[in-house]
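Peer 1: Take this structure, written in structure tokens, and hold onto it; I'll ask about it next.
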DNA sequence: GGAGATAAGTTATCAACGATAAGTTATCAA
DNA sequence: TTGATAACTTATCGTTGATAACTTATCTCC
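Protein chains in written order, with this note's numbering: chain Y, 1 to 220; chain R, 1 to 220.
This is how it looks when you write it as structure tokens:
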């Protein structure tokens, strides 16, 4: 925040500065989503925190879900960066998969709300989606796809693992599904039932990691 | 008073017959939950299908969630019966665990909505629960606990497995958590993202089954 | 067989929600 | 100065889950 002298009392934005308001909305929405959860956060409360009226939010987002999806993409972008780092710094294909699982699990536990929306909740009633909205049907950034992108990276890693000569018990995509489902099970359980007396987190992450890797590797 | 079409001629219940109405509500709610999902099902639609006014439902249930929980307990009761059957007919402790996982996965896939509510969704905003309701705070049947009960059966099975002399890589409850998380990951993924091009269901169930069992057994 | 008592249900209504329509005001280019 | 329009606001809609307060049918008891 450099030279922004004006007070927090956010007045109307200047002509080309709409994107600034958009980011303010995202910031407020993120705070509220994390503080109180997605369902408990209302459009009106977000607007109040930003300092505008509730309908103003619809100038920048198609609906409430679009705000969450934009936040998800933003957050999952960070996970993808970590995956990129792993692929840059780790050469051993099996170790890559390990590091992926570790990064994935920790990421999910650190961002439970985003994780829930992309990989668990996904309340999309979808039944009948309203038309005639003010926003263009598709944001060019196509929010909400980063989650699937993460999964595809795991598939790629396992394909490379097989290509490197390691024998697998299943095709690479099936292996990826099984690995992902195992780690996802850990993340989902810990984030959705945080009050249950689970065993130690590290033990569970490490344990599932060992289990799925041992399980997909063809060992006699 | 105009005579309504006799299609839904459910008159008022006699004095002691309230429980009949309660079951009618449960039946209608179950149909609608399965047809359209939990969120998309409204109190008014349930009441309409039963043939009573919406507030009448609150004579028998504390709120909407209580209806779903009652249905969950009912449905999970069937799963518990199957677990009982397994324990009666299968003596080998390891085979019991296998059969448990198989029964569990199939059950989850056959009852996705109930499964979601108990093991996934659990939307409990919980922030501030209303008081001063008409229903007693606790139904004596204590709905919503059957899901946890299922898990405890798995813990028991793994304790018995260890007691039978089989060496495990982790304490029995940790093993149970890992087994459950793995199978849960399969069920959760398949039910929450049914349109994703997953591998063959049977392969995934069987695969995860093999993986977690191999993973918890201490084998040099 | 009337008189309460009360189970079973109704109508009317609430506040809150997401979302839209239509009008208003500030900003900028010409 | 003007006219287009980006950036808003106010007013309102239809639904939702849930309550309060009133009504009606059924039962028991004298």
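Just so it is clear, CB atoms sit at the ideal spot from N, CA and C, and this is done for glycine as well.
Between the beta-carbon of residue 105(R) and the beta-carbon of residue 212(R), is there less than 7 Å?
Peer 2: Looking up residue 105(R) in the second chain gives position 105. Looking up residue 212(R) in the second chain gives position 212. No.
Peer 1: Consider the Cβ of residue 214(R): report whether some Cβ of chain Y lies at a distance smaller than 7 Å.
Peer 2: By one-based count along the second chain, residue 214(R) stands at place 214. Yes - at least one Cβ of chain Y is within 7 Å of the one on residue 214(R).
Peer 1: Taking all protein chains shown into account, do 16 or more other C-beta atoms lie within 10 angstroms of the C-beta of residue 196(R), making it buried, or fewer, making it exposed?
Peer 2: Numbered from its first residue, the second chain carries residue 196(R) at position 196. Burial call: exposed.
Peer 1: Does any residue of chain R have a CB that is nearer than 7 Å to the CB of residue 189(Y)?
Peer 2: Along the first chain, read from residue 1 onward, the residue named residue 189(Y) stands at position 189. Yes, residue 189(Y) counts as interfacial toward chain R.
Peer 1: Taking residue 76(R) as the reference, which of 116(R), 35(R), 17(R) and 200(R) has the closest Cα?
Peer 2: Walking along the second chain from the start, residue 76(R) turns up at place 76. The shortest C-alpha separation from residue 76(R) is found at 116(R).
Peer 1: What residues in its chain sit with their C-beta under 8 Å from that of residue 169(R), if we drop five residues either side in the sequence?
Peer 2: As a first step, residue 169(R) must be located in the second chain, where it is residue number 169. Counting only Cβ-Cβ distances below 8 Å, and skipping sequence neighbours, we find 175, 215, 216, 217 and 218.
Peer 1: By how many angstroms is the C-alpha of residue 60(R) removed from the C-alpha of residue 42(R)?
Peer 2: Position 42 of the second chain, counting from 1, holds the residue named residue 42(R). Position 60 of the second chain, counting from 1, holds the residue named residue 60(R). Their Cα atoms are separated by approximately 16 Å.
Peer 1: Using the Cβ count rule (16 or more neighbours within 10 Å means buried), how would you classify residue 163(R)?
Peer 2: In the second chain, the residue the question calls residue 163(R) occupies position 163. That one is exposed.
Peer 1: Mind checking whether residue 154(R) and residue 107(R) have CB atoms under 7 Å apart?
Peer 2: The residue labelled residue 154(R) in the question sits at position 154 within the second chain. The residue labelled residue 107(R) in the question sits at position 107 within the second chain. No, Cβ-Cβ distance for residue 154(R) and residue 107(R) is not below 7 Å.
Peer 1: Express the C-alpha separation of residue 66(R) and residue 13(Y) in angstroms, rounding to a whole number.
Peer 2: For the purposes of this step, residue 13(Y) is taken as the residue at position 13 of the first chain. For the purposes of this step, residue 66(R) is taken as the residue at position 66 of the second chain. The alpha-carbon atoms of residue 13(Y) and residue 66(R) are separated by roughly 47 Å.
Peer 1: Does the pairing of the segment 74 to 90 of chain R with the segment 45 to 65 of chain R give three or more beta-carbon distances under 8 Å?
Peer 2: Touching, no, given that fewer than three Cβ pairs across the two stretches are closer than 8 Å.
Peer 1: I need the straight-line Cα distance from residue 201(R) to residue 148(Y), nearest angstrom please.
Peer 2: Here the question's residue 201(R) lines up with position 201 in the second chain. Here the question's residue 148(Y) lines up with position 148 in the first chain. The alpha-carbon atoms of residue 201(R) and residue 148(Y) are separated by roughly 19 Å.
Peer 1: State yes or no: is the beta carbon of residue 211(R) nearer than 7 Å to at least one beta carbon in chain Y?
Peer 2: Locating residue 211(R) in the second chain gives position 211, counting from the first residue. Residue 211(R) counts as touching chain Y.
Peer 1: Which chain Y residues are close to residue 108(R), counting only those with a beta carbon under 8 Å from its beta carbon?
Peer 2: For this step, residue 108(R) is matched to residue 108 along the second chain. Ordered by position in chain Y, no residue passes the 8 Å Cβ test against residue 108(R), which lies about 12 Å from the chain.
Peer 1: Determine, using beta carbons only, whether residue 42(R) comes closer than 7 Å to chain Y.
Peer 2: The residue given as residue 42(R) occupies position 42 in the second chain. No - not a single Cβ of chain Y is within 7 Å of the one on residue 42(R).
Peer 1: Measure the alpha-carbon distance for residue 46(Y) versus residue 17(Y) and round it to whole angstroms.
Peer 2: Locating residue 46(Y) in the first chain gives position 46, where the first residue counts as 1. Locating residue 17(Y) in the first chain gives position 17, where the first residue counts as 1. Taking the straight line joining both Cα atoms gives about 19 Å.
Peer 1: Let me know the secondary structure DSSP gives residue 122(Y) once reduced to three states.
Peer 2: Residue numbering aside, residue 122(Y) sits at position 122 when the first chain is read from its first letter. Because residue 122(Y) sits at a pLDDT of 48, beneath the cut-off of 50, its placement in the model cannot be relied upon, and the point is left open.
Peer 1: Taking 7 Å as the threshold (beta carbon to beta carbon), is residue 202(Y) in contact with chain R?
Peer 2: Translated into the one-based positions of the first chain, residue 202(Y) becomes position 202. No, because no Cβ of chain R sits closer than 7 Å to the Cβ of residue 202(Y).
Peer 1: Quick one: using the 10 Å Cβ neighbour count with 16 as the cut-off for buried, is residue 21(R) buried or exposed?
Peer 2: If you number the second chain from 1, residue 21(R) lands on position 21. When all chains shown are included, residue 21(R) counts as buried.
Peer 1: Might you give, ordered along the chain, the residues of its own chain that have their beta carbon closer than 6 Å to the beta carbon of residue 50(Y), omitting 5 neighbours on each side?
Peer 2: As a first step, residue 50(Y) must be located in the first chain, where it is residue number 50. Hits under 6 Å: 24, 25 and 28.
Peer 1: Would you call residue 165(R) buried or exposed, if buried means 16 or more other Cβ atoms sit within 10 Å of its Cβ?
Peer 2: As a first step, residue 165(R) is located in the second chain; it is residue number 165 there, counting from the start. By the neighbour-count rule (16 or more Cβ atoms within 10 Å), residue 165(R) is not buried but exposed.
Peer 1: Below 8 Å on the Cβ atoms is my contact criterion, and I expect residue 260(R) with residue 179(R) to pass it. Report the Cβ-Cβ distance as a whole number of Å.
Peer 2: A query on residue 260(R) cannot be resolved here, the shown segment of chain R reaching from 1 to 220 and no further.
Peer 1: Since residue 112(Y) contacts residue 191(Y) with CB under 8 Å, what's their CB separation in whole angstroms?
Peer 2: Counted from its first residue, the first chain places residue 112(Y) at position 112. Counted from its first residue, the first chain places residue 191(Y) at position 191. Contact flag correct, Cβ pair sits at about 4 Å.
Peer 1: DSSP state of residue 136(Y), grouped into three classes?
Peer 2: Position 136 of the first chain, counting from 1, holds the residue named residue 136(Y). With a pLDDT of 38 at residue 136(Y), under the threshold of 50, the modelled position of this residue cannot be trusted; read the value that follows with caution. Coil.
Peer 1: Which same chain residues end up closer than 6 Å to residue 44(R) when comparing Cβ atoms and leaving out the 5 residues on each side of it in sequence?
Peer 2: The sequence position of residue 44(R) within the second chain is 44, counting from 1. Excluding residues within five positions, the ones whose Cβ falls inside 6 Å are 54.
Peer 1: Do you know offhand how far residue 87(R)'s Cα is from residue 63(R)'s?
Peer 2: Start at 1 with the first residue of the second chain, and residue 87(R) comes out as number 87. Start at 1 with the first residue of the second chain, and residue 63(R) comes out as number 63. Roughly 36 Å separates the two Cα atoms.
Peer 1: Just how far apart, CA to CA, sit residue 103(Y) and residue 209(Y)?
Peer 2: For the purposes of this step, residue 103(Y) is identified with residue 103 of the first chain, where counting begins at 1. For the purposes of this step, residue 209(Y) is identified with residue 209 of the first chain, where counting begins at 1. The alpha-carbon atoms of residue 103(Y) and residue 209(Y) are separated by roughly 11 Å.
Peer 1: Let me confirm a value: residue 184(Y) is counted as buried when at least 16 other C-beta atoms fall within 10 Å, else exposed. Which label applies?
Peer 2: In the first chain, the residue the question calls residue 184(Y) occupies position 184. Classification for residue 184(Y): buried.
Peer 1: Please go through the same chain and pick out, in chain order, the residues whose beta-carbon is closer than 8 Å to the beta-carbon of residue 167(Y), but skip the five residues on each side of it.
Peer 2: Along the first chain, read from residue 1 onward, the residue named residue 167(Y) stands at position 167. Around residue 167(Y): 217 and 218.
Peer 1: Give a yes or no on whether 7 Å exceeds the smallest Cβ distance from residue 114(Y) to chain R.
Peer 2: The residue you call residue 114(Y) lines up with position 114 of the first chain. Chain R, which has no Cβ nearer than 7 Å to the Cβ of residue 114(Y), makes this no.
Peer 1: When the cut-off is 7 Å and only beta carbons count, does residue 186(Y) lie next to chain R?
Peer 2: As a working mapping, residue 186(Y) is identified with position 186 in the first chain. Yes, contact with chain R.
Peer 1: Residues of the segment 161 to 184 of chain Y in Cβ contact with chain R at a cutoff of 8 Å, in chain order, please.
Peer 2: Per Cβ criterion, the list reads 169, 170, 171, 173, 174, 177, 178, 180, 181, 182, 183 and 184.
Peer 1: Could you compute how far the alpha carbon of residue 158(Y) sits from the alpha carbon of residue 97(Y)?
Peer 2: To locate residue 158(Y), count along the first chain from 1; it is residue 158. To locate residue 97(Y), count along the first chain from 1; it is residue 97. Taking the straight line joining both Cα atoms gives about 7 Å.
Peer 1: Please classify residue 177(R) as buried or exposed, where buried requires at least 16 neighbouring CB atoms within 10 angstroms.
Peer 2: For this step, residue 177(R) is matched to residue 177 along the second chain. Residue 177(R) comes out buried.
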